[in-house]
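In my numbering, the protein residues as written are 3 to 615.
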C-alpha cells in the first residue's frame with residue numbers, strides 16, 4: 003500500500019509537468035486515501051505534501067495551505083527533513099516560499115529544524131531557519147537562535163547518552179563502570195569541539211580539600227579538578243543536591259553566614275563513609291554546583307547536569323522539614339534524574355539527609371523511589387530559569403530510552419535495544435505491582451521489585467504496559483508519547499486487535515505467557531465465561547523468575563531440534579498461522595505478538611506475566 007501511494011504521488015508530478023493539474027489532483031486524492039491507512043507517518047505526510055502541491059498548481063491556494071500546514075502526526079516540512087535529498091530540499095524551498103509554518107511539531111515534540119540538525123543537513127537547516135524568520139519576523143531573532151541552540155542540544159544529548167554513555171553502563175562491570183563512564187565522557191568531549199562548547203567537563207573537588215576549606219569552595223579555587231583519564235585522584239564521587247539559602251542579592255555564596263550547608267555536607271559524607279567502609283576518604287570526590295560550575299557562565303554546566311549526575315556514584319539530597327517534598331525546581335529535577343538512573347541501571351546510590359525525629363541532628367535515609375514529581379508546580383528564585391528546568395526534565399527521559407545500536411536517522415525511530423525480560427506481578431486486592439527485569443545477554447538484573455500502582459512502567463525498555471484493574475482483557479501500550487489500546491481475545495476470535503487513538507505507528511508484543519511457578523501456586527486459570535473475550539494465555543512454560551537465562555538457552559536448543567530438513571522452524575510456522583500477519587507494523591517499532599491465546603483466561607485480580615522485546 004505504501005508503494006502504491008508513492009507511485010501515485012510520482013505520477014502526479016508527471017501530470018503537473020504536462021500541465022494537466024486536474025489529473026494530478028486526482029492522483030493525489032487516491033494517494034491520500036491509501037496513505038491515510040498506513041502506519042508510516044512520513045509517507046502519510048509526504049502524500050499530503052504532493053496533494054497540497056498539486057492543489058496549489060491547480061490554483062486552489064487556500065485548500066493547498068491546509069494540506070501543507072497540517073502537523074499531526076507529522077507535517078510535510080518535517081517529513082522532508084526526515085528523509086533528506088536534493089529533491090526534498092527543493093520541495094522544502096517551495097514550502098518556505100509559500101510561507102508554511104516551520105515551527106510545527108510532530109507527536110514526539112520535534113520540529114523540522116530538529117530533524118535537519120539530527121541528520122546533519124546544513125542546507126535544510128538554513129532553509130528551515132529562513133522559514134522561521136519569515137514567519138516569526140526579525141523582532142524574534144533571539145527566539146529563533148534559541149530554537150537552533152536547543153536542536154543542537156537535543157542532538158548532543160542523544161549522541162552522548164545513547165551512543166557513548168548508556169552502552170558503557172550496560173556493559174561494564176559493577177566495580178569500574180562509572181570510572182569507565184567518566185573516561186568515555188571525557189574522550190567524547192575531547193574529540194568534538196562542538197560538544198565541548200555545549201557541555202561542561204566532569205569537575206570535582208577532593209573530599210579532603212573540600213573538608214579543609216572551611217567554606218563552600220568556589221569556581222576557580224585551587225581545589226577544583228577535572229576528570230581526564232584513569233589516573234584521576236578519585237574513584238568515587240558524591241553529588242550534592244541542596245538549596246541555596248543565602249538570601250543576599252547578589253549572593254556571593256549559596257551558603258549562610260555559619261556555613262550551614264557546608265557542615266551538613268561534611269556530616270552527611272562522614273555518615274556515608276561509615277555506612278560504606280570500603281570507600282576510601284582519600285579517593286573520594288564531591289560535586290557541588292557552586293564549586294564545579296562557572297557561575298559567570300553556568301549554561302554549559304546546566305546543560306551537562308544529567309550527564310554529570312550520571313557519572314557520580316551517589317547522590318545525597320539535603321532535605322529540610324520546610325522543603326515541602328522538594329518544592330524547589332532545581333532540587334526536584336535532580337530527584338527526577340537520580341530516580342531515572344537508579345531505576346534503569348541499579349548502580350547508583352541515593353540518600354536523603356533528613357532531620358532526626360526524636361533528637362537534634364541529621365540522619366541519612368534511602369531516597370524515596372516512589373516519590374512523584376511535577377515540575378510545573380515547583381518554585382524558582384528566578385522565573386526565567388523555568389525553561390531551563392523544563393528542558394532538563396525532558397532530556398532526563400533520554401536516560402531511560404532504549405538506545406539504538408546504530409545511528410538512527412530520526413528521533414522518532416524506536417529501535418530494538420538489548421534483549422530484556424521484564425516480569426511483573428499484580429494483586430488487585432492490594433493494588434500493587436512488582437516488577438523485575440534482566441538483561442539476558444549479560445545475565446544481569448537490571449531492575450528489581452519496582453513497585454507502582456495500576457501502571458506498570460518498564461522504563462529501560464522505553465515502553466509502558468498499563469492494565470485497567472477492572473477492564474478485563476484490555477490494556478494500553480505506551481511507546482514514547484503514543485498510546486495504543488489493545489484487546490486480547492481467545493484464539494478462535496482472531497488473536498489481537500488494535501484500536502488506535504490517532505494515526506501513528508503501531509506496536510506489537512512478542513510473548514506474554516504465564517509464569518509456571520505462579521501457576522503451580524495458584525492453579526490453572528478458570529475457563530472463560532460465555533460470550534466473554536478476556537485475557538487468554540498459553541501456559542505451557544514451566545520456569546521460575548530467577549532462571550530466565552537458562553530458560554532461553556534451553557529454548558534455543560529445543561527450537562533447533564524442531565527444525566525440519568528444509569530448515570523451517572515448525573513452531574514458528576504454527577504461530578505464524580494462528581496470528582494475524584501484519585508485516586507493515588514491524589519496521590519502525592519493537593516487534594510484538596501475543597503467544598497463541600487459548601480458550602482459557604486468567605483473572606486480573608491476581609495475575610503474573612512476562613514480556614520480552
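Yeah, the Cβ is synthetic: ideal placement off N, Cα and C, and Gly gets one too.
Open item on the list: Excluding the 5 residues flanking residue 27 on each side, which residues of the same chain have their C-beta closer than 7 Å to its C-beta?
Closed with: 56, 57, 60
- [ ] Under 6 Å Cβ to Cβ from residue 19, same chain only, skipping five residues before and after it: list those, please.
- [x] none
TODO: Could you tell me which residues DSSP puts in a beta bridge with residue 286?
DONE: Per DSSP, 238.
Task: Cβ-based neighbour list, residue 6, same chain, cut-off 6 Å, excluding 5 preceding and 5 following - done: 36, listed in sequence order.
Open item on the list: Give me the DSSP bridge partner(s) of residue 354.
Closed with: 319, 367
Open item on the list: Considering only their Cβ atoms, is the gap separating residue 264 from residue 331 smaller than 8 Å?
Closed with: no
- [ ] Locate the beta strand (DSSP E) running through residue 10, then write down its first and last residues.
- [x] Unbroken run through residue 10 is the alpha helix (DSSP H), 4 to 20; no beta strand (DSSP E).
Task: Same chain, Cβ closer than 6 Å to residue 30, neighbours up to 5 away in sequence not counted - done: 14, 52, 53, 56
Open item on the list: What does the alpha-carbon distance come out to for the pair residue 281 and residue 75?
Closed with: 51 Å
- [ ] Check whether the region 260 to 277 touches the region 206 to 220, taking contact to mean three or more Cβ pairs, one atom from each stretch, closer than 8 Å.
- [x] They touch, by the three-pair rule.
TODO: Quick one: give me the first and last residue of the beta strand (DSSP E) that residue 359 is part of.
DONE: Neither: residue 359 is in no beta strand (DSSP E) and is coded neither H nor E.
Open item on the list: Tell me the DSSP secondary structure of residue 226 in three-state form.
Closed with: strand
Task: Distance between residue 373 and residue 437 (C-alpha atoms, nearest Å) - done: Note on residue 437: pLDDT 39, under 50, position unreliable in the model; the coordinate value appears next. Cα to Cα, the separation comes out at about 17 Å.
Task: Per DSSP, the bridge partner or partners of residue 113 - done: 107
Task: Enclosing alpha helix (DSSP H) for residue 152 [first to last residue] - done: 143 to 160
Open item on the list: Can you find the residues in the same chain that come closer than 7 Å, C-beta to C-beta, to residue 397, ignoring five residues on each side of it along the sequence?
Closed with: 159, 308
Open item on the list: Three Cβ pairs or more, each shorter than 8 Å: is that satisfied between the region 122 to 132 and the region 88 to 106?
Closed with: yes
Task: Integer Cβ distance of residue 314 from residue 239, believed to fall under 8 Å - done: 5 Å
Open item on the list: Whole angstroms are fine: how far does the CA of residue 227 sit from the CA of residue 449?
Closed with: The pLDDT assigned to residue 449 is 37, lower than 50, so where the model puts this residue is not dependable; a value taken from the coordinates is nonetheless given after this. Rounded to whole angstroms, residue 449 to residue 227 spans 34 Å at the Cα level.
Task: Neighbour-count burial assignment, residue 41, 16 or more Cβ in a 10 Å radius - done: The residue is buried, with at least 16 neighbouring Cβ atoms inside 10 Å.
Task: Local Cβ density within 10 Å of residue 336, reported as buried at 16 or more and exposed below that - done: buried
Open item on the list: Count Cβ pairs between the region 140 to 154 and the region 77 to 86 that sit closer than 8 Å; are there 3 or more?
Closed with: no
Task: Buried/exposed call for residue 420, threshold 16 Cβ in 10 Å - done: Low per-residue confidence applies at residue 420: pLDDT is 29, beneath 50, and the placement is therefore not dependable, though the value from the model is reported in the following sentence. It counts as buried.
Open item on the list: According to DSSP, simplified to helix, strand and coil, what is residue 205?
Closed with: Taken through DSSP and simplified to helix, strand or coil, residue 205 comes out as strand.
- [ ] Note the first and the last residue of the continuous alpha helix (DSSP H) segment covering residue 51.
- [x] 43 to 59
Task: Same chain, Cβ closer than 7 Å to residue 25, five either side skipped, listed in chain order - done: Once the five neighbours on either side are set aside, the close Cβ partners of residue 25 are 17.
Open item on the list: Relative to the C-alpha of residue 356, which candidate in 371, 367, 305 has its C-alpha closest?
Closed with: 367
TODO: Tell me residue 2's beta-bridge partners as DSSP assigns them.
DONE: Within the shown structure, residues of the chain are numbered from 3 to 615, placing residue 2 beyond reach of any answer.
Open item on the list: Given a cut-off of 8 Å on the beta-carbon distance, is the pair residue 118 and residue 77 in contact?
Closed with: no
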